[in-house]
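*Asks:* The numbering used here applies: residue 4 is where the sequence shown begins, and numbers increase by one. No residue lacks a Cβ here, since even glycine has one placed at the ideal position from N, Cα and C.
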Amino acid sequence: MKGMVIMANKTAIAAGVGALVAATALVGVNEARVLVAQHHAHSEQTLENSKTQPTQVRFATSVAAIAAHLPPPAAGATREELLERDAEQRAEIVRLRAEVAALRGPQPFDMPPAWKSGEDYFKPSKDELLQMAKGCQVRFDAPELTVPAATMRDGLAEEAGVSDEERQQYNRVLAEFTQTRLAQLRSIYVEVTGDKSGADTLSPDAMMNEIRLKVPEAAAQEAYWKVSHERAGLLPASTDASSASAFERWLRLQENAGDAFETALGATLGADRAHALRTEEGSWGARMMLGSCPKGR
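#1: Can you find the residues in the same chain that come closer than 7 Å, C-beta to C-beta, to Glu258, ignoring five residues on each side of it along the sequence?
#2: Less than 8 Å separating the beta-carbons of Gly197 and Ala94?
#3: State the DSSP-derived secondary structure class of Arg93, mapped to helix, strand or coil.
#4: Quick one: is Glu91 buried, meaning 16 or more other Cβ sit within 10 Å of its Cβ, or exposed?
#5: Excluding five sequence neighbours on each side, which residues of the same chain lie with their C-beta closer than 6 Å to the C-beta of Asn12?
#6: Have a look at Ala78, Thr282, Ala267, Asp275 and flag the residue whose alpha-carbon is nearest the alpha-carbon of Asn174.
#7: Roughly how many whole angstroms lie between the Cα atoms of Tyr227 and Leu132?
#8: When you compare each of Pro74, Val97, Ala279 to Lys199 by their alpha carbons, which one comes out closest?
#9: Which one of Phe250, Arg170, Pro151, Ala221 has the shortest CA to CA distance from Val195?
#10: Just to confirm my understanding: we take Ala260, look at its own chain, exclude 5 residues before and 5 after, and list those with CB closer than 6 Å. What are they?
#11: Compute the Euclidean distance between the alpha carbons of Met292 and Ser166, then round it to the nearest angstrom.
#12: According to DSSP, is Ala222 part of a helix, a strand, or is it coil?
#13: Could you tell me whether the Cβ of Gly236 comes closer than 8 Å to any Cβ of chain C?
#14: If you reduce the DSSP assignment to three classes, tell me which class Met155 lands in.
#15: Check whether the Cβ atoms of Gly158 and Cys296 sit closer than 8 Å, and answer yes or no.
#16: Taking all protein chains shown into account, do 16 or more other C-beta atoms lie within 10 angstroms of the C-beta of Gln224, making it buried, or fewer, making it exposed?
#17: Is Ala244 closer than 8 Å to Arg234 when the C-beta atoms are compared?
#18: How many angstroms separate the CA atom of Ala221 from the CA atom of Ala209?
#19: At which residues does the beta strand (DSSP E) containing Asp243 begin and terminate?
#20: For Arg82, count neighbouring C-beta atoms within 10 Å of its own C-beta (all shown protein chains included) and say buried if the count is 16 or more, exposed if not.
#21: Return the chain-ordered list of same chain residues with a C-beta closer than 7 Å to the C-beta of Trp287, the five sequence neighbours on each side being excluded.
#22: Where does the unbroken alpha helix (DSSP H) through Val150 begin, and where does it stop?
#23: Ala289: which of Pro74, Thr183, Leu86, Gly121 sits nearest, CA to CA?
#24: Span of the beta strand (DSSP E) holding Leu293?
#25: Out of Arg156, Glu84, Ala136, Ser246, state which residue places its alpha-carbon closest to the alpha-carbon of Gly236.
#26: Just grab the DSSP bridge partners of Val141 for me.
#27: To the nearest angstrom, how far is the alpha carbon of Asp130 from that of Asp123?
#28: Let's test the definition: count the other Cβ atoms within 10 Å of the Cβ of Ala274 and tell me whether it reaches 16, buried, or not, exposed.
#29: Does the distance from the CB of Leu177 to the CB of Ala152 come in under 8 Å?
#30: Buried or exposed for Gly79, please, with buried defined as at least 16 other CB atoms from any protein chain shown within 10 angstroms of its CB.
#31: How would you call Arg184, buried or exposed, if buried means at least 16 neighbouring beta carbons within 10 angstroms?
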């Protein structure tokens, strides 16, 4: 009888949760910082009180609408149907919690230099690498990692004078690269979180956020220190990753993505053409700089 009462009141519960979320958003949104680290958007801004009201209203309205239309289980739902519904909702909760935690938590991600482009960005000078090592920072570009795999943008194809054949080959190589990288990312995600089901349902961004959030800060900082110092020539380059932490392996996977995709594309289109496509818009589609130093270093 209790179960039936709980199910019958789920709509009311959902509405109450929605109201709570909306109220929380109204309090916290004034202090939110929006960090944009993409190829075409390099901006950082603090949201002031005078500018947040439209966003608050839209968010609260959206939450209320979702809560009002979140249906309870069907009256005659079987145990199997309820378990399936529960599994779907749990997967969605994990994804949303990861995204919210990434936005609210301390950010080791810094803004990549918007004024740098091409090799100035993804192949820093020796002096710049030494300066980055002081802050244990690692900077890189990467092709978009999405499911399904991304394809070449129309704008890039037009700007670079890409032929239909080149575009087909680019999309094929990117699809293969994405498949390989996703397998590696999922393996690290499961190792860090133990969540095998999440590896099959979460987006690549959500998995990366979860990896970062689940790893102790000290372990992440040690990886930033090691990789940044290797890049600056202050440490010998590692040749065996088998003993490295899961986070260090994830970091090296990210740090190497831009060069690895250029090499894979070069095997099909030629090294010069692959490099030209990478530099046409300054880098591959995503840019990121991250890191912070361990205490005492």
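*Replies:* Quick answer:
#1: Cβ neighbours of Glu258 within its own chain (closer than 7 Å, five residues either side excluded): Val141, Phe143, Val230.
#2: Taking 8 Å as the Cβ cut-off, Gly197 and Ala94 do not qualify as a contacting pair.
#3: Of the three classes helix, strand and coil, the one that applies to Arg93 here is helix, per DSSP.
#4: That one is exposed.
#5: Residue placement at Asn12 is flagged as unreliable, the pLDDT there being 40, under the threshold of 50; the coordinate-derived value follows with that caveat. Shown here for Asn12: not one same chain residue has a beta carbon closer than 6 Å to its own, the five before and five after excluded.
#6: When each option's Cα is compared against that of Asn174, the closest is Ala267.
#7: Between the C-alpha atoms of Tyr227 and Leu132 there is a straight-line separation of about 13 Å.
#8: Per the Cα distances, Val97.
#9: Considering only alpha carbons, the answer is Phe250.
#10: Excluding five sequence positions before and after Ala260, the CB atoms of its chain that fall closer than 6 Å to its own CB belong to Ala145, given in chain order.
#11: Taking the straight line from one Cα to the other gives about 33 Å.
#12: Reduced to three states, the DSSP call for Ala222 is helix.
#13: The chain labelled as chain C is not found in the depicted structure, where only one protein chain is given.
#14: In the structure shown, Met155 sits in coil (DSSP, three-state: anything other than H, G, I, E or B).
#15: Their beta carbons are not under 8 Å apart, which means Gly158 does not touch Cys296 by this criterion.
#16: By the 16-neighbour rule on beta-carbons within 10 angstroms, Gln224 is buried.
#17: Result no, Cβ atoms of Arg234 and Ala244 do not sit closer than 8 Å.
#18: Using only the alpha carbons, I get a separation of about 21 Å.
#19: Note, Asp243: premise wrong, no beta strand (DSSP E); not H, not E.
#20: The C-beta of Arg82 has fewer than 16 other C-beta atoms within 10 Å across all chains shown, which makes the residue exposed.
#21: Setting aside the 5 residues that flank it on each side, Trp287 is surrounded in the same chain by Asp144, Ala145, Pro146, Gly261, Phe264, Arg281, each with a C-beta closer than 7 Å to its C-beta; the list follows chain order.
#22: Note, Val150: premise wrong, no alpha helix (DSSP H); not H, not E.
#23: Of Pro74, Thr183, Leu86, Gly121, the smallest CA-CA separation from Ala289 is found for Gly121.
#24: Taken as a continuous stretch (DSSP letters only), the beta strand (DSSP E) holding Leu293 covers 289 to 293.
#25: Ranking the options by Cα distance to Gly236, first place goes to Ala136.
#26: Paired residues: Leu293.
#27: So the alpha carbons of these two residues sit roughly 12 Å apart.
#28: Looking at its Cβ environment, which holds fewer than 16 other Cβ atoms inside 10 Å, Ala274 is exposed.
#29: For Leu177 and Ala152, yes; Cβs fall inside 8 Å.
#30: Flag for Gly79 reads exposed.
#31: By the 10 Å Cβ count, Arg184 comes out buried.
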